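What follows is a short report on a single structure.
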Amino acid sequence: MLFHSLEFAIFLPLVFGLYWFVVSRNLRQQNLLLLLASYVFYGWWDWRFLSLIIFSSATDFVIGSELHKSTDSRTRKALAGTSLLFNLGLLGYFKYANFFIDSFISAFGSIGVALEPTTLNIILPVGISFYTFQTLSYTIDIYRRKLEPEKDPVAFFAFVSFFPQLVAGPIERASNLLPQFSKPRNFSYDQAKDGLRQILWGLFKKAVIADNCGVYVNQIFSQSHELEGSVLALGVFYFAFQVYADFSGYSDIAIGTARLFGFNLLPNFRLPFFSTSIGEFWRRWHISLNTWFADYVYTPMAIGLRDWGLYAIVFALFVTFSLSGLWHGANWTYVAWGIVMSAGAIFEVLTKKRRKRLRKKVSRKVWNFLSGLATFSFICFSFIFFRADTLGQAFIYLGNLLQPELLALPHPLSLAKIGPWMLVLLGFEWVQRKHLHPLVLDRLPTPVRWCIYYALLYMLVNMGTSNQSFIYFQF
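Positions 498 to 972 (the working numbering) are the ones given, in order, by the sequence shown.
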């Protein structure tokens with residue numbers, strides 16, 4: 498069920514009405530309604546995978562309880578290991594089994610040994626990468642004694658399957674979202690109104706910006722072997738805006754929808770294209786995933802290898818970004834993307850002192866502009882691997898991009914349709930950067946606010962493309 502589909506337009510008001518007007522006086526009934534609604538929402542794609550998320554929830558609910566009770570270190574390590582093995586095993590099987598089988602066959606084929614392909618017909622369950630990490634953080638935090646286990650199975654199961662952020666995040670920590678299922682929730686007109694405005698902004702980013710950029714991106718990448726460098730550069734530029742508007746648009750819709758039901762999800766994007774370094778970019782982009790990797794992969798590894806000195810940071814960055822790339826998909830292009838990003842982050846670590854000395858020699862505005870431009874260019878460069886279907890296509894794209902024609906100007910009409918709305922997107926988000934989302938416009942006169950709302954609705958109707966799935970659904 499897509500957020501921008503007719504089915505969801507019927508589903509959401511129905512659940513909202515039942516939630517606030519039928520079961521609003523009973524917290525447990527509210528949680529039970531959210532749980533059932535979430536299972537309907539998830540089962541809309543394929544009801545068979547409901548058993549997977551239910552089994553995953555039940556396993557970590559039991560393990561979390563036993564972890565809290567146990568005082569024996571060996572038992573606690575065994576329980577935590579069971580949770581890791583179970584969750585990562587499921588994720589590995591459904592997401593990576595075919596990938597590793599194909600890679601194994603290709604590796605032997607490259608040395609002249611032909612193997613009979615035995616690829617499995619495995620369907621990737623929607624959202625498994627997201628809810629797996631969400632439940633893993635729950636058991637890890639209990640193991641670390643940073644979190645108390647949830648005693649109410651309805652609240653816990655609803656936390657794992659909460660439909661606004663179930664299939665593409667944000668990846669909520671139990672410490673933030675789970676306690677909200679145990680507190681009474683009363684209807685707030687202001688909170689619901691703000692949620693609707695954030696949903697509108699997310700739909701604008703998805704349907705008007707991302708989907709229209711996607712039309713150009715698909716054309717350019719499919720013909721990359723015959724296009725000149727300036728057009729290929731434009732294709733990467735478009736893709737950067739497509740993936741940002743698509744995923745941050747989903748996050749906005751998810752956060753806004755959660756607010757309709759009295760929940761507050763954490764922000765997932767904070768003006769990433771205004772970053773002046775790779776490190777800053779990753780603190781602003783897909784925040785829930787990157788903080789997850791920082792807390793559960795990078796930091797423990799860097800601390801555990803601290804005797805290595807600077808090499809510990811370099812190694813931890815390389816491993817973390819490589820795993821982050823692989824998390825995005827079972828394709829060597831994502832691994833390559835992660836390695837490229839790790840190279841950028843490692844470069845910044847190794848040149849930190851030199852860049853600090855250089856920064857003192859130029860004005861702050863000049864430095865921010867140049868470093869921001871360099872950061873954005875590097876991000877766009879890395880996205881070639883993220884978008885390409887194969888490593889071969891990525892290198893062909895790069896080879897044709899790095900030609901003298903790169904410095905030529907692309908045809909002006911190629912930016913005419915969607916270019917102005919990219920500027921609207923960036924302008925709104927920059928001006929409203931201190932607010933939760935750009936449509937917090939309460940200081941403006943009422944007629945002006947409603948003109949903006951109607952303008953966005955008009956663009957949704959007249960510029961929005963057909964219902965395209967969100968990019969991160971495939972991850």
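Backbone N, C-alpha and C fix where the C-beta goes; we use that ideal spot for every residue, glycine too.
It should be emphasised that the depicted structure is a prediction, and the values quoted were computed from it without experimental measurement.
Fewer than three Cβ pairs drawn from the region 546-566 and the region 512-528 lie within less than 8 Å of each other, which leaves the two stretches out of contact. Gly589 and Pro622 have their C-alpha atoms some 12 Å from each other. Leaving aside the five residues that flank Leu663 on each side, the residues in its chain whose CB is nearer than 8 Å to its CB run, in chain order, Ser535, Phe538, Tyr539, Gly624, Phe627, Tyr628.
In the displayed model, His825 falls within a helix according to three-state DSSP. Taking the C-beta atoms as reference points, Thr632 is found no nearer than 8 Å to Asn683. Burial state of Asn709 is buried, judged by a 10 Å Cβ sphere holding 16 or more other Cβ atoms. Only exposed fits His932, as fewer than 16 other CB atoms lie within 10 angstroms of its CB. For a cut-off of 8 Å, the C-beta gap from Phe880 to Val740 is around 7 Å, short enough to register as a contact. About 19 Å separates the beta carbons of Gly699 and Gly759, which is beyond the 8 Å limit, so they are not a contact pair. Between Glu645 and Phe653, the beta carbon gap of about 12 Å keeps them out of contact (Cβ cut-off 8 Å). Along the region 856-932, the beta strand (DSSP E) does not occur as any fully enclosed run of 3 or more residues.
Taking the CA atoms as reference points, Leu807 sits about 14 Å from Thr796. Cβ contact annotation for His783 (same chain, cutoff 8 Å, sequence separation greater than five): Gly666, Phe744, Asn765, Phe766, in chain order.
The beta carbon of Ile836 sits closer than 8 Å to those of Phe815, Phe818, Ser819, Gly822, all from its chain and outside the five residues before and after it, given in chain order.
By the C-beta density criterion, Ser966 is exposed, having fewer than 16 other C-beta atoms within 10 angstroms. CA-to-CA, the gap between Thr773 and Thr848 works out to about 15 Å. As the crow flies, the alpha-carbon of Ser685 is around 49 Å from that of Arg803.
Look at Pro681 here: in three-state DSSP terms it is coil, with no helix or strand label. Contact between the region 869-883 and the region 831-845 is present, with at least three C-beta pairs closer than 8 Å. Distance from the Cα of Asp557 is smallest, within the candidate group Lys566, Val859, Leu581, for Leu581. Under the three-state reduction of DSSP, Ser721 is assigned to coil, being neither helix nor strand. For Val519, no alpha helix (DSSP H) segment is defined, and its DSSP state is neither H nor E. Between the region 923-939 and the region 688-696 there are three or more C-beta pairs closer than 8 Å, enough to call the two in contact. Counting only runs that start and end inside the region 759-827, the alpha helix (DSSP H) elements of at least 4 residues fall at 775-781, 784-790, 796-801, 807-825. The three-state reading of DSSP puts Pro661 in helix, counting H, G and I together. Tyr713 sits close to Tyr735, with the two beta carbons spaced by under 8 Å. When secondary structure is reduced to three states using DSSP, Arg571 falls in the helix class. Closest in alpha carbon position to Ile810, among Ala791, Gly826, Trp824, Ala827, is Ala791. In the three-state scheme derived from DSSP, where H, G and I count as helix and E and B as strand, Ile668 is classed as coil. By the C-beta density criterion, Pro917 is exposed, having fewer than 16 other C-beta atoms within 10 angstroms.
The continuous alpha helix (DSSP H) containing Leu564 extends over residues 547-566.
The shortest CA-to-CA distance from Asp649 to any of Val559, Val705, Ala833 is the one to Val559. Annotated as distal: Ser553 and Trp789, with beta-carbon spacing of 8 Å or more. Residue burial is scored here from C-beta neighbours: Thr943 has fewer than 16 other C-beta atoms within 10 angstroms and is therefore classed as exposed. Straight across, the Cα-Cα distance linking Gly924 with Arg930 is about 10 Å. If you look at Lys703, you'll find it isn't in any alpha helix (DSSP H); DSSP assigns it neither H nor E.
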